[in-house]
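In my numbering, the protein residues as written are 272 to 600. Every residue, glycine too, gets a C-beta built ideally from N, C-alpha and C. Keep in mind the model is a prediction, meaning the values are calculated, not measured. Everything below concerns the one structure shown next.
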Amino acid sequence: MQATGFLGRIRFSLLLSVVISVCWLPLVGLSQTATLPSVIRMIVPFTPGASNDVFARALSEQLSSKLGITVIVENKPGAGGIIGSAEVARAKPDGATLLFSSNSFVTRAAVEEKLPFDPRKSFTPVAMVAQGAMLLVVGNETPYQNVRELIAAAKTQQINYGSAGIGSIGQMAAELFNSMAGINMNHVPYKGITGVLTDMIGGRIEAMITAPASIGGALKGKQIRAIAATSATPSSFFPDLPTVAQELSGYEVDVWFGVYAPANMPASLAEALNKAIREVSATPKMREVFAKEASSPSDMTVKEFAAYVDRELDMWVTLAKSRGIRHAE
272 MQATGFLGRI
282 RFSLLLSVVI
292 SVCWLPLVGL
302 SQTATLPSVI
312 RMIVPFTPGA
322 SNDVFARALS
332 EQLSSKLGIT
342 VIVENKPGAG
352 GIIGSAEVAR
362 AKPDGATLLF
372 SSNSFVTRAA
382 VEEKLPFDPR
392 KSFTPVAMVA
402 QGAMLLVVGN
412 ETPYQNVREL
422 IAAAKTQQIN
432 YGSAGIGSIG
442 QMAAELFNSM
452 AGINMNHVPY
462 KGITGVLTDM
472 IGGRIEAMIT
482 APASIGGALK
492 GKQIRAIAAT
502 SATPSSFFPD
512 LPTVAQELSG
522 YEVDVWFGVY
532 APANMPASLA
542 EALNKAIREV
552 SATPKMREVF
562 AKEASSPSDM
572 TVKEFAAYVD
582 RELDMWVTLA
592 KSRGIRHAE
């Protein structure tokens, strides 16, 4: 009887261990995402329809499916992205509120007199989503066929370049071009690329640097022409186009898109979101979305993206000071 009781206790202990093990496995899996809220608001600080909005909506759909939660995109436009960014900066760092923005996040911050947040201290950079080259384009009325000819002309006459406004990546990329080439093309700010494009086709603006997606129709229709890509190496989307860096060594400006959270987000949560975003961004479906904007998915870790954002902010703040670029209302 004692032996039987002893063996029975052993069997019971083994059975209990198996039950505990089976029950524990899903708990371990859930613990990695247990801090994720059931609903995430992904704020896009620009109007619907632009690249930021298109990418954010595609990403939110894929994240919702992957994580089994609801990711909702909300457009909060105004002040060049500042209004929406400020709302995220004020939110709790629990993952329920995220910011989806382009590198206008750092370029606009570099030229503002006052901001309702600190671009370095008010956010947790979570993940770079996609990245791609911009294009240096000129009007068909101009004779410039390459970067060298454009620089040479700018040294002897006034060349007007357009951008989507003060602090836009288009202006900052052109001012970096000015600085490195030792020229002073004249900036004509607009309220959007559409106005620049219209005046370039009409012969009133000679040059601009912009994302390919914003001028795709005009390029295909040969209403304007691209003379260089701004990436460090030739873009896979424009393999036959030379780079600005081939004439101005070290020149590199990409348009990129990233996800940010409020400051002080727990590292484990930032890492979990980063992992999910990277995995989703690398899927064929997302690659297809990015390709329409001549961009490719990024594979940066949280630390790599944070360091990248910091370097970008340093570069644009330094350029803004040296070129006297300020935005004050």
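Member of the options whose CA lies at the smallest distance from the CA of residue i
{"i": "N411", "options": "S506, D470, M313", "result": "D470"}
{"i": "G529", "options": "N455, P308, V515, A577", "result": "A577"}
{"i": "K563", "options": "Y531, V580, E542, G488", "result": "G488"}
{"i": "V524", "options": "S502, P537, A357, I353", "result": "S502"}
{"i": "A350", "options": "T554, A482, L334, F376", "result": "F376"}
{"i": "N455", "options": "Y432, T465, G441", "result": "Y432"}
{"i": "G463", "options": "S434, W587, M443", "result": "S434"}
{"i": "D570", "options": "D585, D581, E559, T554", "result": "T554"}
Continuous beta strand (DSSP E) stretch holding residue i: start and end
{"i": "F528", "result": "525–533"}
{"i": "L544", "result": "Note, L544: premise wrong, no beta strand (DSSP E); alpha helix (DSSP H) at 538–552."}
{"i": "M443", "result": "Run containing M443: none in the beta strand (DSSP E); it sits in the alpha helix (DSSP H), 440–452."}
{"i": "S373", "result": "368–373"}
{"i": "G433", "result": "431–434"}
{"i": "I480", "result": "478–481"}
Sheet register partners of residue i (DSSP bridge)
{"i": "G403", "result": "V526"}
{"i": "E345", "result": "I314"}
{"i": "I495", "result": "G410"}
{"i": "T514", "result": "A500"}
Burial state of residue i, where buried means 16 or more other Cβ atoms lie within 10 Å
{"i": "E384", "result": "exposed"}
{"i": "P297", "result": "Unreliable positioning characterises P297 in this predicted model, as indicated by a pLDDT of 33, which lies under 50. A coordinate reading is not provided."}
{"i": "V310", "result": "exposed"}
{"i": "E583", "result": "buried"}
{"i": "R312", "result": "buried"}
{"i": "M272", "result": "Interpretation of M272 is limited by its pLDDT of 42, a score under 50 that renders its predicted location unreliable; no figure is taken from the coordinates."}
{"i": "N457", "result": "exposed"}
{"i": "G492", "result": "exposed"}
{"i": "S302", "result": "Caution is warranted here: a pLDDT of 35 is assigned to S302, below 50, making its placement in the model unreliable, and the coordinate value is therefore given only provisionally. Burial call: exposed."}
{"i": "E446", "result": "buried"}
{"i": "R379", "result": "buried"}
{"i": "G300", "result": "Its pLDDT being 34, under 50, G300 is placed unreliably in this model, and the coordinates cannot settle the point."}
{"i": "K592", "result": "exposed"}
The alpha helix (DSSP H) enclosing residue i, as first and last residue numbers
{"i": "Y579", "result": "573–594"}
{"i": "A424", "result": "418–425"}
{"i": "V238", "result": "In this structure the chain extends from 272 to 600, so residue 238 is not present and cannot be described."}
{"i": "A329", "result": "322–338"}
Do the stretch 396–414 and the stretch 459–477 meet, that is, are 3 or more Cβ pairs less than 8 Å apart? With the rule of 3 Cβ pairs closer than 8 Å, the stretch 396–414 counts as touching the stretch 459–477.
Determine contact between the stretch 315–333 and the stretch 365–372, defined as no fewer than three beta-carbon pairs at a distance below 8 Å. These segments touch.
Count the C-beta pairs between the stretch 513–532 and the stretch 445–457 that are closer than 8 Å, then say yes if the count reaches three, no if not. yes
Indicate whether the contact test is met: 3 or more Cβ pairs, each with one atom in the stretch 392–405 and one in the stretch 530–546, closer than 8 Å. yes
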